[in-house]
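All remarks here apply to the structure that follows.
Numbering (our numbering), first residue to last: 31 to 350.
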């Protein structure tokens, strides 16, 4: 840990907050003037950090790159209304990429700052579509053994690509070409969420009954994006890290509703008390996993926690 890294951490947190406020779910053209003031103040703080006598050339170069971005890439004032939002969104994407590079430099020096999880509507749509498709496969197509063998093949394929990305430039380029449009910024440097989901599917299929697997997948597919969208747009009451009370409640409500729908379609024989227990139990435990997942990717922790919660809630109402 260098002294420059320690001085950089508070400024990095301000950059994180700026990128978060530039997210499409929060950004409004009426905030432009205040945002320009923030950017000018932030760039001045970066120059002040760079002017210190602390020596750390790689980190200093990254800080200079961010300062240059804040100074030179800010959208011009008085742009036509038709292009102002897209101009600021382009600036946000450049800044979030620079922030993730800076975060990586700080992590190498044992200084931790939060990752970014910007709004990505295409990712949310594909995420929901894939999870709901898996619900159909679990409930209507796959046998008991196929529920874990098929995901095992997928997980091995994804982990092989992760290894190729880590050790070869060609593998890294291929994986980013494949997942780049829907990847979060931090996934350019860490294991992709799809790899963690594939791994979770192996465990779900091997351990749980179809109803618990389906509830886990439905909650992940619908409640997780709902929590992100609500939290980024309306989240005011902070709970843990960047998670908010509003986002967590949205997760539990959306998760319970989608789980009830899944159970009604494929398990109509269950009494309403059992349906509600399994749905709400799974969604609530999944919501807690989403809230407290820090070191573990939530595409792994949420389905495992949700499946476990649904199973334990079912036991409480007499389901085997």
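A virtual CB, placed ideally from N, CA and C, is assigned to each residue, including glycine.
If you draw a straight line from the alpha carbon of residue i to that of residue j, how long is it in whole angstroms?
i: residue 129; j: residue 232; result: 34 Å
i: residue 97; j: residue 336; result: 43 Å
i: residue 240; j: residue 127; result: 40 Å
i: residue 245; j: residue 276; result: 22 Å
i: residue 282; j: residue 185; result: 28 Å
i: residue 170; j: residue 296; result: 9 Å
i: residue 183; j: residue 229; result: 10 Å
i: residue 93; j: residue 158; result: 37 Å
i: residue 42; j: residue 280; result: 29 Å
i: residue 287; j: residue 314; result: 12 Å
i: residue 111; j: residue 342; result: 54 Å
i: residue 303; j: residue 187; result: 41 Å
i: residue 114; j: residue 61; result: 12 Å
i: residue 328; j: residue 179; result: 22 Å
i: residue 76; j: residue 38; result: 8 Å
i: residue 165; j: residue 289; result: 11 Å
i: residue 284; j: residue 256; result: 7 Å
i: residue 312; j: residue 254; result: 13 Å
i: residue 125; j: residue 50; result: 11 Å
i: residue 108; j: residue 70; result: 17 Å
i: residue 81; j: residue 103; result: 22 Å
i: residue 300; j: residue 64; result: 55 Å
i: residue 338; j: residue 147; result: 26 Å
i: residue 78; j: residue 248; result: 49 Å
i: residue 163; j: residue 198; result: 32 Å
i: residue 120; j: residue 174; result: 47 Å
i: residue 95; j: residue 40; result: 17 Å
i: residue 225; j: residue 310; result: 27 Å
i: residue 90; j: residue 294; result: 58 Å
i: residue 349; j: residue 298; result: 14 Å
From this set, the options, which residue's C-alpha is nearest residue i's C-alpha?
i: residue 347; options: 328, 305, 333; result: 305
i: residue 155; options: 278, 258, 317; result: 258
i: residue 123; options: 80, 99, 139, 164; result: 99
i: residue 238; options: 79, 113, 340; result: 340
i: residue 292; options: 120, 274, 316, 252; result: 252
i: residue 140; options: 285, 33, 345; result: 33
i: residue 325; options: 301, 175, 142; result: 142
i: residue 138; options: 35, 278, 298; result: 35
i: residue 223; options: 316, 189, 151; result: 189
i: residue 133; options: 44, 120, 59; result: 44
i: residue 116; options: 95, 59, 86; result: 59
On the DSSP bridge assignment, give the partners of residue i in chain order.
i: residue 274; result: 268
Given residue i, which residues of its chain have a CB within under 7 Å of its CB, disregarding the five upstream and five downstream residues?
i: residue 177; result: 168, 235, 243
i: residue 144; result: 46, 271, 272
i: residue 68; result: 48
i: residue 118; result: 52, 57, 105
i: residue 131; result: 92
i: residue 172; result: 180
i: residue 274; result: 261, 265, 266, 267, 268
i: residue 86; result: 32, 34, 35
i: residue 196; result: none
For residue i, which residues of its own chain have a beta-carbon under 8 Å away from its beta-carbon, when the five flanking residues on both sides are left out?
i: residue 88; result: 135
i: residue 149; result: 53, 54, 55, 258, 259, 262
i: residue 221; result: 192, 327
i: residue 66; result: 104, 107
Within the same chain, show all residues whose beta-carbon is closer than 6 Å to that of residue i, passing over the 5 residues directly before and after it, in chain order.
i: residue 250; result: 161, 332, 333
i: residue 227; result: 329
i: residue 73; result: 97, 100, 101
i: residue 308; result: 340, 343, 344
i: residue 317; result: 278, 281, 282
Does the beta carbon of residue i come closer than 8 Å to any beta carbon on chain D?
i: residue 79; result: Looking for chain D here will not work: only one protein chain is present.
Is any heavy atom of the ligand MG found at a distance shorter than 7 Å from the C-beta of residue i?
i: residue 275; result: The model depicted lacks the ligand MG and carries no ligand whatsoever.
Practice task
Tell me, please, whether the stretch 252-269 touches the stretch 307-323 by the rule of three or more beta-carbon pairs shorter than 8 Å.
Solution key: yes
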